[in-house]
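J.:
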Amino acid sequence: MGLLLLLLRILLGIGLFKGMLLFSLVGADVHYYDFVTKSMVVVNESFPGSVIHVRKGDTAYIDVHNQGPYGVTLQWHGVKQHRNPWSDGPAYVTQCQVEPNTNFTYEVIFISEDGTLWWHAHSDWTRSSVHGAIVIHPTEGTT
Ligand SMILES: [Cu+2]
1 MGLLLLLLRI
11 LLGIGLFKGM
21 LLFSLVGADV
31 HYYDFVTKSM
41 VVVNESFPGS
51 VIHVRKGDTA
61 YIDVHNQGPY
71 GVTLQWHGVK
81 QHRNPWSDGP
91 AYVTQCQVEP
101 NTNFTYEVIF
111 ISEDGTLWWH
121 AHSDWTRSSV
131 HGAIVIHPTE
141 GTT
């Protein structure tokens with residue numbers, strides 16, 4: 001090792017490395033990956049889906065046109081839905097699924113909520129890609 005260092009210092013000292021292209025062998029690996037894409041169910045061609053803006057006390061009507069290949073329901077997470085369970089979303093608990101190529105209009109009443117909540121699919125695995133935010137602003141004139 002000492003001899004190699006000495007030789008390197010001599011070569012550098014007399015300028016033999018100037019202008020030379022040096023190749024070195026290092027322990028590098030070559031990696032191959034397969035990236036496979038596939039489609040997923042989203043809302044309004046967006047992931048996450050559309051943001052719903054309302055004020056506390058408002059009522060929103062959300063018309064769901066299911067153009068996907070699976071039945072779906074939507075749940076308005078954290079919205080209490082007093083006396084309005086048919087718009088709460090759990091599939092086969094409070095409603096049947098919105099089947100492909102059909103629609104259903106949800107009536108979502110924001111009586112007591114404020115802040116940011118979210119909506120999501122409440123049927124099988126569609127919740128992984130069908131979701132979005134609900135921004136509930138204070139009642140007009142309040143903070
Ligand atoms: Cu939920």
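Heads up, the sequence shown is in UniProt numbering, so the first residue is 1 and it goes up one at a time. Just so you know, even glycine gets a beta-carbon here, dropped at the ideal spot from N, CA and C.
1. Which residues does DSSP pair with R127 in a beta bridge?
2. Looking at the structure shown, is S46 part of a helix, part of a strand, or coil, going by DSSP?
3. With a threshold of 7 Å (Cβ to nearest heavy atom), would H77 be considered close to ligand 1?
4. If E140 and R55 are in contact, beta carbons under 8 Å, what's the gap, nearest whole angstrom?
5. In angstroms, rounded to a whole number, what distance separates the CA positions of A60 and H31?
6. Taking the alpha carbon of residue 147 as the reference point, which residue from R83, T116 and H120 has its own alpha carbon closest?
7. Just mark V26 as buried or exposed, buried being the case when its beta carbon has 16 or more other beta carbons within 10 Å.
T.: Walking through what the data contain:
1. For this step, residue 127 is matched to residue 127 along the sequence shown. For R127, which the question treats as bridged, DSSP gives no partner whatsoever.
2. As a working note, residue 46 is residue 46 in the sequence shown. DSSP places S46 in strand when its eight states are reduced to three.
3. As a position in the sequence shown, residue 77 is number 77, starting the count at 1. Proximity of the beta carbon of H77 to ligand 1 is indicated: a heavy atom of the ligand is located closer than 7 Å.
4. By 1-based counting over the sequence shown, the position of residue 140 is 140. By 1-based counting over the sequence shown, the position of residue 55 is 55. Contact between E140 and R55 holds: CB atoms are separated by about 6 Å, below the 8 Å threshold.
5. Taking the sequence shown and counting its residues from 1, one reaches residue 60 at position 60. Taking the sequence shown and counting its residues from 1, one reaches residue 31 at position 31. Distance between the alpha carbons of A60 and H31 is about 51 Å.
6. Past the edges of the chain, shown from 1 to 143, lies residue 147, and the structure says nothing about it.
7. For the purposes of this step, residue 26 is taken as the residue at position 26 of the sequence shown. Exposed, by the Cβ-count rule.
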